[in-house]
Amino acid sequence: MRRGSGWWTGPVVAGLLAMLVAPPAHAQPNTLIIGQPTDAESVDPHKVTAVIAAERLYNLYDTLVNLDFDLEKITPGLAETWLVSPDGKTYTFALKKGVKFHSGKPLTAHDVKFTLDRWRDPATASPTKHRIAEVEEILAKDDHTVVLRLKERSNYLLFNLASGFASILNPEAIKKHGANYGTLAVDGTGPFRFKEWVLRDRFVVERNPDYTWGPPMFKNRGPAKLERVVWRIIPEDTTRLFELEKGIGLNVSRWIAFSELPRLRKDPKLRVLEYKVGYVVYLGFNMNKELVQDIRIRKAINHAIKKDDIVNEIFYGLGAPAQGPLSPIVAGQWKDVAKAAYEYNPAKARALLDEAGWKPGPDGIRVKDGKRLKLPVHAIAGYGYPDTLTLIQAQLKDVGIDVEQVLLEEAAIWGRLKAGEHTIMAMGMPHSNPDEILMFYFHSKNRPAPNRFNFVDPKVDQLLEEGRTVADQKRWQEIYTEVQKRVVESAVWAPLWHPDRAMIMSAKVQDLRPHPVYDVGYHKLLDVSVGR
Amino acid sequence: MTELTRARDPRPGSDAGRRLRRDRAAMAGAGCLLVLILAAVFAPVVAPYDPTKVSMRERLQPPSPKHALGTDQFGRDILSRIIHGARISLTIGLISVGIGLGLGTTLGLIAGFFRRADYPISALMDVLLSFPQILLAIAIVAALGPGIFNAMIAVGIGTVPAFTRLTRSSALSIREREYVEAARALGASNRRIIVRYVLPNSLAPLVVLGTLSLAAAILAAAILSFLGLGARPPMPEWGAMAAEGRGFIAQFPHIATFPSLAIFVVVLCFNLLGDGLRDALDPHLRE
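Order-wise, the sequence lines are chains E and V. Mapped onto my numbering, the consecutive letters of the first sequence carry residue numbers -15 to 516. Mapped onto my numbering, the consecutive letters of the second sequence carry residue numbers 808 to 1094.
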């Protein structure tokens, strides 16, 4: 007979021991070791959307243009200069000469054409192909000139060409490696070459010694100062913290619990860089669900959430309460959004629920026609969502709403949301321009995903389309002000907060400047060095 | 005197009861469990605070006279949460072992008594046993969806094979005994034989396995909740509490430590009691 008690302990203890005795760092000199909670699925730019994939793309590849640290200025990349026709429909890029892929093949305009055609090809099924949807035709005029013809003028083409998903590929490598490209083989023009990838353990790149074409937004144009960069995957928060703090396995991470920051800031062996990103965390209501179709319920929830508590108590003040969908650091944000926003006012929330016919039941939770006001909220089981929801759960219980947390693994949540099973979802979204988030979420053609709220407003659709093409700066702002106003007034969201980020590094790490684009943190690591 | 008592009372049960009462470790386990069960039953009376009441002003407090075991990151009283958590853990243990015992014993009796049913049932149990039981539970929860009820089912199914095998082996040997033959000669139906003779005579080891399984089931359910597959917040389940507190272990170790200690104590108590029961009931240990 088997003893009931220890059936699982053997494997668990063995696993723990294995983790303890595993060789710690790849502790060679001049190596940057980055700590991450999860791994990417690929580094083929046309197959991924994850932030942790994007930060690798910037280091393996180059893009035609770059977005500066201010999230506004477009600066050169592989294209030294570019010309835009007066009607805004034709872009002509002049490529830098002497650029070579890691395999040694020189970069030509044909590679650029191949890359962009592959990106928008429906057969590639890139999840980011909407970013160049307005491009009609791509021409390689000669070896160093690329021409993009657009259906209409676009305010966002250059932003999108600066994204890591627009990285330029080597057609020969794509053909040679087929489905293995991006996991077993990579060929880019970037400052680092692909070396090794042990899935869910480490991703290693080494310096590209031939690299001299770095973008002017970095001090060092190449080659990189670092010998190699290692992304180490450490799922457990505490393990990541200890390895960084003790300097045994990591020298930088962006994923350290904010509760540790007050202590880490005092540690002379560490440096804590806090910085702003364009990001918003929100509760989104699925308008297809009867329970939240009543705007009074949505408004009541908006009034019942004390956002200051989320920012200050759970995230230690690292961020700001959100009033609308756009981050205040992003151009186009409606500066007076607070006027339309819903202030914390539980009395008002209770009054709205009373008015909607939901009366407090025996246990304090409201009831209508024998039904309890129980609202499930879907969220990722990580990145601070469980704590945020536990606090919201308590705040909403105060006004008589029973929140049920439906916490799912990141890999599992997208399919469930796409199927529309959620009534409310808690989620976050990085953005560096208004189109990137408002078009994505609130255009009716984007239902059921990414418009997972099934929000329909023909006026918003029309404004968003106009916003893409309008040339006049004043009108541009008017358009997005109006969209934000309509979104806030409809209460389709309860915006929660705009998080800041903290990059915690060993004091030996020099000149690592976090980049806010797409919340990646690590853009090209050209200037960075690690002292002894 | 002893001889006289034995002569007067030949039932083995009283012997076992006496042996158990003499086993200090087992009695300590039983006493401790009794306290826990009482605390669980009277949780709303015993617990000093509402276990789900969030109070951000009192968050992350170390143990103090006001909060004997301190507060967690939401200012909830950890002692109150552990007391209420005892209800959840004991319920999970009882229900999932109930599932395992009910299903496993039935299947075991069928397999042991009817030769034709033996092979398919035993094969199925071998398949189930080939998975580590916690993995099996995780797979079942993944299929059914996370939640406390599904966790009970998953843990329950995980305990079925042990009960089936145990009952089957008892049934196999009891089936061949003379008193079963005698009952059959008197015209007793299969059902009557199983219920009146086979089942009561297989009970002793089942009681032992049941007690030990309780410990294992509580632990397994805590593991599932720790992994986010069991209890949903703000339910004060011990495994979930340990999981919530683990992010704070460097600065506020009390948040994760106390619920983990609670799991440790309950599992230890059930194991002590189970070991004592086995020693008391195991015929090989009798003089």
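Glycine is no exception: its CB is placed at the ideal position from the N, C-alpha and C atoms. Owing to the predicted nature of the structure, the values given are computational and were not obtained by experimental measurement.
DSSP places Asn286(E) in the uninterrupted alpha helix (DSSP H) bounded by 279 to 288. Within chain V, the residues whose beta carbon sits less than 8 Å from that of Thr222(E) are Arg1053, Gly1054, Ile1056, Ala1057, listed in sequence order. Taking the Cα of Gly836(V) as reference, the smallest distance to any Cα among Val1074(V), Leu1088(V), Arg1085(V) is reached at Val1074(V). Contact of Leu141(E) with chain V by beta-carbon distance below 9 Å is absent, the smallest such distance being about 42 Å.
Neighbours of Gly1035(V) across chain E, judged by C-beta separation under 7 Å: Ala365, Leu391. In this structure, DSSP gives Lys323(E) a helical state, which the three-state scheme calls helix. Counting only unbroken stretches of 3 or more residues, the beta strand (DSSP E) elements lying wholly within the segment 191 to 225 of chain E are 212 to 217, in sequence order. From the beta-carbon of Thr76(E), no residue of chain V is found nearer than 8 Å; the closest lies around 52 Å away. Under the Cβ distance rule, Phe956(V) does not count among the residues neighbouring chain E, no pair being separated by less than 9 Å. For Val861(V), the C-beta contacts it makes with chain E under 7 Å involve Leu375, Ala378, in order along the chain.
Assigned with DSSP and collapsed to three states, Ala847(V) falls in helix. Within chain E, the residues Ser243, Glu297, Ile298, Asp371, Thr374 have their CB atoms less than 9 Å from the CB of Gln880(V), given in chain order. Beta-bridge annotation (DSSP): Asn1008(V) is not paired with any residue.
Counting C-beta atoms within 10 angstroms of its own C-beta, Asp347(E) has fewer than 16 neighbours from the protein chains shown and is therefore classed as exposed. Membership of Glu405(E) in any beta strand (DSSP E) is not indicated, and neither H nor E is assigned to it by DSSP. Annotated as distal: Arg247(E) and Gly233(E), with beta-carbon spacing of 9 Å or more. Taking a Cβ-Cβ threshold of 9 Å, none of the residues of chain V is close to Asp320(E); the smallest such distance is about 30 Å.
Using a Cβ-Cβ cut-off of 9 Å, Arg247(E) counts as an interface residue toward chain V, since at least one Cβ of chain V sits closer than that to its own.
Chain V has no Cβ within less than 9 Å of the Cβ of Asp347(E). Note on Gly368(E): 16 or more other CB atoms within 10 angstroms of its CB, so buried under the neighbour-count rule. The straight-line gap separating the alpha-carbon atoms of Leu935(V) and Pro111(E) is approximately 40 Å. Following the DSSP letters along the chain, one finds Phe178(E) inside the beta strand (DSSP E) bounded by residues 176 to 182.
Judged by DSSP in its simplified three-state form, Ala875(V) adopts coil rather than helix or strand. Under the three-state reduction of DSSP output, Gly505(E) falls in the strand class. Annotation: the continuous beta strand (DSSP E) that includes Leu391(E) extends over 386 to 392. Contacts with chain E at 9 Å (Cβ-Cβ) include Pro1041(V). Gly384(E) has its alpha-carbon roughly 15 Å from the corresponding atom of Thr859(V).
Taking 7 Å as the Cβ-Cβ cut-off, the segment 223 to 241 of chain E approaches chain V at Leu225, Ala241, given in chain order. The shortest C-alpha to C-alpha distance from Pro442(E) to any of Thr465(E), Arg470(E), Ser416(E) is the one to Arg470(E).
Each residue's CA atom was taken as its position, placing Gln1058(V) and Asn296(E) some 18 Å apart. Closest by C-alpha distance to Ile298(E), out of Asp371(E), Lys358(E), Asn50(E), is Asp371(E). Not one beta carbon of chain E lies nearer than 9 Å to the beta carbon of Arg888(V). A contact between stretches requires three or more CB pairs, one per stretch, nearer than 8 Å, and the segment 950 to 961 of chain V fails this requirement with the segment 406 to 418 of chain E. Under a criterion of Cβ atoms nearer than 9 Å, the residues of chain E adjacent to Arg866(V) are, in order, Glu297. Between Ala1022(V) and Cys1076(V), the gap from beta carbon to beta carbon is short of 9 Å. Spatial neighbours of Val512(E) in its own chain (CB-CB distance under 8 Å, excluding positions within 5 residues in sequence) are listed in chain order as Leu16, Ala208, Lys209, Leu210, Val493, Gln494, Asp495, Leu496.
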